[in-house]
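A.B. asks: Okay, here's the structure, questions in a sec.
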Ligand SMILES: CC(C)(COP(=O)(O)OP(=O)(O)OC[C@H]1O[C@@H](n2cnc3c(N)ncnc32)[C@H](O)[C@@H]1OP(=O)(O)O)[C@@H](O)C(=O)NCCC(=O)NCCS
């Protein structure tokens, strides 16, 4: 038998990049679990949820406990995590989970559902989720932890900040800029070149034709900016 020398020694890594935990066992987690399973390159070790009972399961993946379970998992070489806390209505809860994971030594890969398409020149930061049927177009930039839900279109040259929430059906035209922590509801349409400020909240079905300031609110079904109806002729 051939002796093993330095050149043929197999390196041992201190973590397994194929094993992941899912942080958060709520509604969004079911979509995330399915996306991770269908990717085929990860095994889900289990779910971390501070409000769920250890030993229960979410669509077949076991609940391992809350944040207190992270150090033991990390010690076992599990360091990959997917944040499935959506934070719609309150971006802070999603952001807090990233801080908890980073502090415990976990890494958050970008997850792209196989039916989504990300152009090769687009860039996704850590923790980005691209769910089924969405499209991230040429030269787009998507910041840390942003959630791109189903059937979202991010057009060319968009620059999307960190922990932005894009709900199903939202359409962004080219050259749109959205700053950190903004939240866009379902079927929001954004015109070309528009800038949406950080913390802005845009509700379902709004049409955004002009810039939205930092922290701005646009209500469901509204056209932004609002304008008076054109005067109609009476005679
Ligand atoms: C983004 C989102 C959170 C914004 O919601 P929002 O800030 O409550 O915006 P809305 O325009 O719907 O409502 C704003 C306010 O106007 C009120 N309002 C809305 N329509 C109204 C109407 N027709 N008449 C009277 N009041 C109305 C609401 O009650 C609300 O009042 P509040 O601020 O006192 O709570 C919301 O659109 C949303 O949840 N979208 C879907 C996101 C989602 O589900 N994504 C994941 C799917 S898996």
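Residue numbers (the numbering used here): 2 to 236. The beta carbon of each residue, even a glycine, is placed where N, CA and C say it ideally should be. Predicted model, so just to flag it, every value in this text is computed and none were measured.
Report the residue from 47, 65 and 61 whose alpha carbon sits nearest the alpha carbon of residue 54.
C.D. replies: What you label residue 54 is simply residue 53 of the chain shown in a count that begins at 1. Nearest C-alpha to residue 54: 65.
A.B. asks: Please confirm whether any heavy atom of ligand 1 lies closer than 8 angstroms to the CB of residue 149.
C.D. replies: Taking the first residue of the chain shown as 1, we reach residue 149 at position 148. Because no heavy atom of ligand 1 lies under 8 angstroms away, the Cβ of residue 149 does not count as near it: no.
A.B. asks: What do you get for residue 69, buried or exposed, if any count of 16 or more other CB atoms within 10 angstroms of its CB means buried?
C.D. replies: Here residue 69 corresponds to residue number 68 of the chain shown, with the count starting at 1. The residue in question, residue 69, is exposed, as its Cβ has fewer than 16 Cβ neighbours within 10 Å.
A.B. asks: Cβ of residue 52 versus every heavy atom of ligand 1: is any distance shorter than 8 angstroms?
C.D. replies: Along the chain shown, one-based indexing puts residue 52 at 51. Residue 52: no, Cβ never under 8 angstroms from ligand 1.
A.B. asks: Going by beta-carbon coordinates alone, are residue 159 and residue 143 separated by less than 9 angstroms?
C.D. replies: For the purposes of this step, residue 159 is taken as the residue at position 158 of the chain shown. For the purposes of this step, residue 143 is taken as the residue at position 142 of the chain shown. The answer is yes: Cβ separation under 9 angstroms.
A.B. asks: Report all residues from its chain with a CB closer than 6 angstroms to the CB of residue 118; omit the five preceding and five following residues, and keep chain order.
C.D. replies: As a working mapping, residue 118 is identified with position 117 in the chain shown. Excluding residues within five positions, the ones whose Cβ falls inside 6 angstroms are 136.
A.B. asks: DSSP state of residue 62, grouped into three classes?
C.D. replies: Position 61 of the chain shown holds residue 62. Residue state, collapsed to three classes: strand.
A.B. asks: Using a Cβ-Cβ cutoff of less than 7 angstroms, which residues in the same chain neighbour residue 105 once the five nearest sequence positions on both sides are dropped?
C.D. replies: Stepping through the chain shown from its first residue, residue 105 is reached at position 104. Once the five neighbours on either side are set aside, the close Cβ partners of residue 105 are 71, 72 and 75.
A.B. asks: If the criterion is Cβ atoms closer than 9 angstroms, does the pair residue 85 and residue 27 meet it?
C.D. replies: Indexing the chain shown from 1 puts residue 85 at position 84. Indexing the chain shown from 1 puts residue 27 at position 26. Taking the C-beta atoms as reference points, residue 27 is found nearer than 9 angstroms to residue 85.
A.B. asks: Skipping 5 residues on each side, what residues in its chain have a beta carbon closer than 8 angstroms to that of residue 46?
C.D. replies: Position 45 of the chain shown holds residue 46. Taken in chain order, the residues that qualify are 20, 21, 22, 65, 74 and 79.
A.B. asks: Of all the options 43, 6 and 101, which has the alpha carbon lying nearest to the alpha carbon of residue 25?
C.D. replies: Position 24 of the chain shown, counted from the start, is the residue given in the question as residue 25. Closest by C-alpha distance to residue 25, out of 43, 6 and 101, is 101.
A.B. asks: By alpha-carbon positions, which one of 222, 163, 224 and 83 ends up nearest to residue 198?
C.D. replies: On the chain shown, residue 198 is found 197 positions in, with the first residue counted as 1. The candidate whose alpha carbon is nearest that of residue 198 is 163.
A.B. asks: Does the Cβ-Cβ distance between residue 217 and residue 228 come in under 9 angstroms?
C.D. replies: For this step, residue 217 is matched to residue 216 along the chain shown. For this step, residue 228 is matched to residue 227 along the chain shown. No, the Cβ-Cβ distance between residue 217 and residue 228 is not below 9 angstroms.
A.B. asks: Is residue 224 close to chain B, meaning its C-beta is less than 9 angstroms from at least one C-beta of that chain?
C.D. replies: Chain labels in this structure do not include chain B; a single protein chain is all it has.
A.B. asks: Expressed to the nearest angstrom, what Euclidean distance is found between the alpha-carbon atoms of residue 175 and residue 188?
C.D. replies: To locate residue 175, count along the chain shown from 1; it is residue 174. To locate residue 188, count along the chain shown from 1; it is residue 187. Whole-angstrom Cα-Cα distance: 17 angstroms.
A.B. asks: Would you report the Cα separation of residue 230 and residue 173, rounded to the nearest angstrom?
C.D. replies: By one-based count along the chain shown, residue 230 stands at place 229. By one-based count along the chain shown, residue 173 stands at place 172. Spanning the two alpha carbons is a distance of roughly 25 angstroms.
A.B. asks: Taking the straight line between their C-alpha atoms, what separation do you get for residue 179 and residue 6?
C.D. replies: Residue mapping note: residue 179 aligns to position 178 of the chain shown, counting from 1. Residue mapping note: residue 6 aligns to position 5 of the chain shown, counting from 1. Each residue's Cα considered, the two are about 54 angstroms apart.
A.B. asks: Would residue 29 and residue 148 be called neighbours here (beta carbons separated by less than 9 angstroms)?
C.D. replies: As a first step, residue 29 must be located in the chain shown, where it is residue number 28. As a first step, residue 148 must be located in the chain shown, where it is residue number 147. Result yes, Cβ atoms of residue 29 and residue 148 sit closer than 9 angstroms.
A.B. asks: Provide the residue span of the beta strand (DSSP E) that contains residue 33, from first to last.
C.D. replies: On the chain shown, residue 33 is found 32 positions in, with the first residue counted as 1. Element bounds for residue 33: not the beta strand (DSSP E) but the alpha helix (DSSP H), 28-40.
A.B. asks: Taking the straight line between their C-alpha atoms, what separation do you get for residue 157 and residue 191?
C.D. replies: On the chain shown, residue 157 is found 156 positions in, with the first residue counted as 1. On the chain shown, residue 191 is found 190 positions in, with the first residue counted as 1. Spanning the two alpha carbons is a distance of roughly 13 angstroms.
A.B. asks: With 16 as the cutoff for other CB atoms within 10 Å, does residue 184 come out buried or exposed?
C.D. replies: Position 183 of the chain shown, counted from the start, is the residue given in the question as residue 184. By the C-beta density criterion, residue 184 is buried, having at least 16 other C-beta atoms within 10 angstroms.
A.B. asks: State the DSSP-derived secondary structure class of residue 119, mapped to helix, strand or coil.
C.D. replies: Locating residue 119 in the chain shown gives position 118, counting from the first residue. If DSSP states are grouped into helix, strand and coil, residue 119 belongs with the strands.
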